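J.:
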Amino acid sequence: MFAVRLKQITKRFAQTLANDAVDINIRQETIHAIIGENGAGKTTIMEILYGFYQADAGEIELFGEKKEIANPQDAIDNGIGMVHQHFMLIPPMTVTENIILGLEPISRSGILQLVQAEERIRTLSDEYGLEIDPQAKVEDLSVGLQQRVEILKALYRDAEILILDEPTAVLTPLEVKEFFQILRRLKSQGKTIVIITHKLEEVLEISDDVTVMRNGKKVGELPTKDASANILANMMVGREVLFSLSKNDVTPGNTTLKVENLSVTVNDKPRLKNVSFELKEGEILGIAGVEGNGQTELVEILTGLLKLDTGTVWYLGEDITNLSARKIREKRIAHIPADRKAHGFLSTYTNAENQILGFHYREPFCRPNGFLNFPNIRENAKNLLKKFDVRPPLPDLQTGTLSGGNQQKLIVAREFSRHPRLLIIAQPTRGIDIGAIEFIHQQILDLRTEKVAVLLISAELEEIRSLSDRTLVMFEGEIAGEVSAATFDMEKVGMMMTGHR
Amino acid sequence: MVLKKLEVLILPLVSVFAAGLVGAILIFAVGENPLAVYWIFFKSSIFSINGIGYTLFYATPLIFTGLSVAFGFRCGLFNIGAEGQLYIAAMAVAITGIWMDGWSAWVVIPVCFVVSFVGGGIWGGIPGLLKAKFGGHEVINTIMMNMIAFALVNYLVVGPFHRKGTQILETEFIPEAARIPRIHELIPFIPKTLPLNMGFAIALLACLATYLILWKTRWGYEIRAVGISNSVSTYAGISVNKNMVLAMFIAGGFAGMVAISEVMGYRYTFHDSFSGGVGFIGIAVALLGRNHPVGVILAALLFGALIRGSLFLDLNFDNLSKDLVMVLQGIIVLFVATDKLFKKILSVFRIG
Ligand SMILES: Nc1ncnc2c1ncn2[C@@H]1O[C@H](COP(=O)(O)OP(=O)(O)OP(=O)(O)O)[C@@H](O)[C@H]1O
Ligand SMILES: [Mg+2]
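Chain order of the listed sequences is A and B. Using the working numbering, the first residue of the first sequence is number 63, and each one after it goes up by one. Using the working numbering, the first residue of the second sequence is number 528, and each one after it goes up by one.
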């Protein structure tokens, strides 16, 4: 029995054919993975199932019945829930308030029945092992827990089919383990789950079936037991993907960045405590740690977005403590922000305009009289979009319409292209497909060869392991330990990340 | 892409059309013939040189204030203070003109232009500064600045600058040298009574300047960026505070330029409550014009035509007064503000 059958779904956005006669069959009570390159159309087809977009052609069948899904409410009524990559929660409100939003249980006298709702949420949470306190405020929850609130929101609305768009992108390895536990439990209780991901090992671990998409088309659908990372990678990218990088020997040069005793308190909470380290030319220094242990603050201080309480930042022998973000950029320090939507690009600006963000006021993009130099801006965009394989590579397209991974590629292209001497890159490959990760990693290593210093903050231990020359582990605002590439041990680093030395 | 561009035009047009329909129902309800009423609007506003001239005349201050509000919106700021800004600028221009009696027009006119822009600019810049420094909301502060402006100009026109020997609340007249030409002085066959003046051309130039600044320069790039996202701007090294102050200064400046067409081009004096609320109608103009200079011109022309037509309502219809125009304006704003509804209706048509 199929929970969902998508038949010949076609969807066109102005210039792009996002879905081209796609068939997907999702068996009931299974976990179905959808994979494919950035811009392949994964999110689009799931948004169609969820009623957010309307297909231009094609049919949707749920549990053997043909259905019209005109909007998300229809989808919810038909037992479909979706957790988007960017959560839709109201941070200052409690878990319960967030979950009941839109279907508040009201007594006959018009009073909100919060207690009953809380009870139901607690039951659901226990049933699936979500471990969520209904009275907690969402803003106090970690990203991983917020995601569970999103899942609860769907379950509270009696979802039978759960769509998860890149749920693991924001999770740490440990959280992923727990998350998969939850998915298995959901499945065993009869739910059907669709999961979009770029991580092949996750597909192999968790899914029953897998659909591979490329360029808006389905290129294959197979039981996971018949798949391997190589087979899937081949289907996705259409070529062999190297899973190992060639890293040549670079002798680190002079010190590029030296920080001494950085401390900062935000909202009365100490976020960084006496952090000191050095970073040399041609060296990649990894910062590992569970999100929220001071990495964000460290990056913001180094890039001029947050003022230090005490401590000094030395860059090429110069004191750059508390300089403005613009001054710091002018010193050729590039920054890829962890949260691309909140920091990385302006969604209603075109690709060409976003490609000069932060450099827009200088030659060659701006003339001395203050007028923007559009021929140069377009030329720059054309080159970078092509070089970094941003799809579609159109300078005049609004960046907000790109797929998540392509937005990320656009930011990487911009930051890598302005001849940096220091790269501060947080989660550089979040949401990016394996082919593009390979490319970006190679770019990082090339910059290292050119003696650029790289500070790499990542939740992906695997990424840190394969790129870094040295790794610092952060825990509760302090440096909990340091390991070299030679002594890198996943287990050990994982322990340090959670406060065990 | 082409469709997108058209859509920008279609939605405001649909709003105006829908407002016209609702207006027709109202007119019918009070016992008049809607077609006859709308015919009067058309005839009086665009069927004669005089009519067109008056329409442009009434549109001129609306272009300035519409631009003012639109400019603020582009930086994510809601400037409700155009009315106060234009009063301050008008008084400042009147005083400057009076003081500069005896100077050559080549000096006085440029100085008065600058005074009009800077006067309004300061009045708009202060709420901008308050927002940047202390986070005070610009909506509250521009409203308060309006109150201060009204009280201040009222004091000045009643007290120190009141023209001797008249009951009318006006200042002394500004000298010839501070006046800009009427259109009939430049084009022969235009009726002499028409108050349309060079201020209209300057308003069009202001629209061109706005377009260039916002979309073609680094400053506009930054102002629009701040309007879209403070956090992205900060990341990119764009100062949110600096741009908010700048945007409010320029917005106030555009509102202040109303003094050019109304004081330097029409009344030649500061006349108490001369504005008739153009600062507030500017909000509607900006909304209908989608915060784009071309849209602002079109919307201001429409509103100008309505104002022109309204003068003939009392004359021709027993049950209608010129307040009908305010009703129509209100309905238009309502429909523009609910354009999501129309988008939905349009998209249904497209599928069907
Ligand atoms: N609202 C939109 N307007 C225009 N084009 C869009 C829109 N949404 C998606 N697209 C385009 O449709 C294509 C498919 O996008 P989609 O988001 O489905 O990709 P994806 O497979 O989810 O990619 P990723 O792995 O990067 O998230 C892309 O080329 C994208 O640019
Ligand atoms: Mg996607």
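We put the beta carbon where it would ideally sit given N, CA and C, even for glycine. Quick caveat, the model's predicted, so the values are computed rather than measured.
Is ILE473(A) near GLY764(B), with beta carbons less than 9 Å apart?
T.: Contact flag unset, no.
J.: At a Cβ cut of 7 Å, what residues of the region 735 to 765 of chain B count as close to chain A, listed as they run along the chain?
T.: Cβ contacts with chain A: LYS743, THR744, ARG745, TRP746, TYR748, ALA752, ILE755, SER756, SER758, VAL759, THR761, TYR762, ALA763 and GLY764.
J.: Less than 9 Å between the C-beta atoms of PHE598(B) and THR737(B), yes or no?
T.: Yes; because the gap between Cβ atoms is below 9 Å, this pair is in contact.
J.: Along the alpha helix (DSSP H) that carries ILE567(B), what are the first and last residues, could you check?
T.: Run containing ILE567(B): 561 to 573, per the alpha helix (DSSP H) assignment.
J.: Determine the chain B residues that contact THR410(A) at a beta-carbon separation under 8 Å, and present them in chain order.
T.: Simply ILE755.
J.: So, ALA83(A) versus ALA119(A), is the Cβ gap smaller than 9 Å?
T.: Yes.
J.: Report all residues for which the CB-ligand distance to some heavy atom of ligand 4 is below 5 Å; order them along the chain.
T.: By its list of ligands, the structure shown excludes ligand 4, since it contains just ligand 1 and ligand 2.
J.: Is ILE258(A) near ligand 2, judged by its Cβ being under 8 Å from some heavy atom?
T.: ILE258(A) Cβ: within cutoff of ligand 2.
J.: Anyone know if the C-beta pair for LEU334(A) and ILE349(A) falls short of 9 Å?
T.: No, these two residues do not count as a Cβ contact at 9 Å.
J.: Hey, ALA289(A) and LEU266(A) are a contact pair by Cβ (cut 8 Å); roughly how many whole angstroms apart?
T.: About 7 Å separates the two Cβ atoms, so the contact holds.
J.: Since I believe ILE96(A) is in contact with VAL256(A) (beta carbons under 8 Å), could you give me their beta-carbon distance rounded to a whole number of angstroms?
T.: Rounded, the Cβ-Cβ distance is 6 Å, consistent with contact.
J.: Please decide whether THR365(A) counts as near chain B, where near means a Cβ-Cβ distance under 9 Å.
T.: It does: the Cβ of THR365(A) has a partner Cβ on chain B nearer than 9 Å.
J.: Do the CB positions of VAL823(B) and GLY593(B) come within less than 9 Å of each other?
T.: Cβ atoms of VAL823(B) and GLY593(B): closer than 9 Å.
J.: Do you know how far the Cα of LEU347(A) is from the Cα of LEU529(A)?
T.: The straight-line gap from Cα to Cα measures roughly 9 Å.
J.: Under the DSSP definition of a beta bridge, which residues are partnered with SER325(A)?
T.: In the DSSP output, where bridge partners are listed per residue, SER325(A) has THR372(A).
J.: Using a Cβ-Cβ distance under 9 Å, would LEU434(A) count as near chain B?
T.: Interface residue, yes.
J.: Where in the region 270 to 330 of chain A do unbroken runs of the beta strand (DSSP E), each at least 3 residues long, occur, reported from the N-terminal end onward?
T.: If we require 3 residues or more, the beta strand (DSSP E) runs fully inside the region 270 to 330 of chain A come out as 271 to 276, 279 to 285 and 317 to 328.
J.: LYS239(A) to VAL205(A), Cα distance in whole Å?
T.: Cα to Cα, LYS239(A) sits roughly 15 Å from VAL205(A).
J.: Just to check, is the beta-carbon of GLU264(A) closer than 8 Å to a non-hydrogen atom of ligand 2?
T.: Because no heavy atom of ligand 2 lies under 8 Å away, the Cβ of GLU264(A) does not count as near it: no.
J.: Nearest-angstrom Cα distance between GLY503(A) and ARG527(A)?
T.: The sequence given here has His at residue 503(A), not Gly. Answer to the nearest angstrom: the Cα atoms are 12 Å apart.
J.: Assuming ILE244(A) and TYR190(A) are in contact, meaning their beta carbons sit under 8 Å apart, how far apart are those beta carbons, in whole angstroms?
T.: At roughly 6 Å, the Cβ-Cβ gap stays under 8 Å, so ILE244(A) and TYR190(A) are in contact.
J.: Can you pull the chain B residues whose beta carbon is under 9 Å from the beta carbon of ARG388(A), in chain order?
T.: Per Cβ cutoff of 9 Å: ALA763, GLY764, ILE765 and SER766.
J.: So, does the region 704 to 724 of chain B touch the region 576 to 587 of chain B, judging by three or more C-beta pairs under 8 Å?
T.: Touching, yes.
J.: When you compare only the Cα positions, how much space is there between PRO561(B) and PRO715(B)?
T.: Their backbone Cα atoms lie some 37 Å apart in a straight line.
J.: Can you pull out the residues from the region 390 to 405 of chain A whose beta carbon lies closer than 8 Å to at least one beta carbon of chain B?
T.: Listed by position, the residues of the region 390 to 405 of chain A near chain B (Cβ gap below 8 Å) are ILE390, ARG391, HIS397, PRO399, ALA404 and HIS405.
J.: Evaluate GLU109(A) with the Cβ neighbour count: other Cβ atoms within 10 Å of its Cβ, from every protein chain shown; 16 or more gives buried, anything less gives exposed.
T.: Buried is the call here.
J.: Compare the beta carbon distance of LEU855(B) and GLY547(B) with 9 Å and say whether it is the shorter of the two.
T.: Their beta carbons are under 9 Å apart, which means LEU855(B) touches GLY547(B) by this criterion.
J.: Can you find the residues in the same chain that come closer than 7 Å, C-beta to C-beta, to LEU604(B), ignoring five residues on each side of it along the sequence?
T.: For LEU604(B), where only same-chain residues beyond five positions count, the Cβ hits under 7 Å are GLU665, MET771, ALA774 and MET775.
J.: Report the neighbours of HIS422(A) on chain B: residues whose CB is nearer than 7 Å to its CB, in chain order.
T.: Simply ARG745 and TYR748.
J.: For ILE71(A), report the span of its beta strand (DSSP E) as first-last.
T.: Per DSSP, ILE71(A) belongs to the beta strand (DSSP E) from 64 to 75.
J.: Could you spell out the range, first to last residue, of the alpha helix (DSSP H) harbouring LYS513(A)?
T.: Per DSSP, LYS513(A) belongs to no alpha helix (DSSP H) and is neither H nor E.
J.: What residue from ARG492(A), LEU446(A), ASP202(A) and LEU248(A) has the CA that sits closest to ARG480(A)'s CA?
T.: Checking every option, the nearest Cα to that of ARG480(A) belongs to LEU446(A).
J.: So what does DSSP say about TYR614(B), is it helix, strand or coil?
T.: TYR614(B): helix per DSSP, three-state reduction.
J.: Return the residue from the list GLU524(A), GLU283(A) and LYS448(A) that minimises the CA-CA distance to THR234(A).
T.: The shortest C-alpha separation from THR234(A) is found at GLU524(A).
J.: Taking just the CA atoms, how far does ARG276(A) sit from ILE122(A)?
T.: Distance between the alpha carbons of ILE122(A) and ARG276(A) is about 21 Å.
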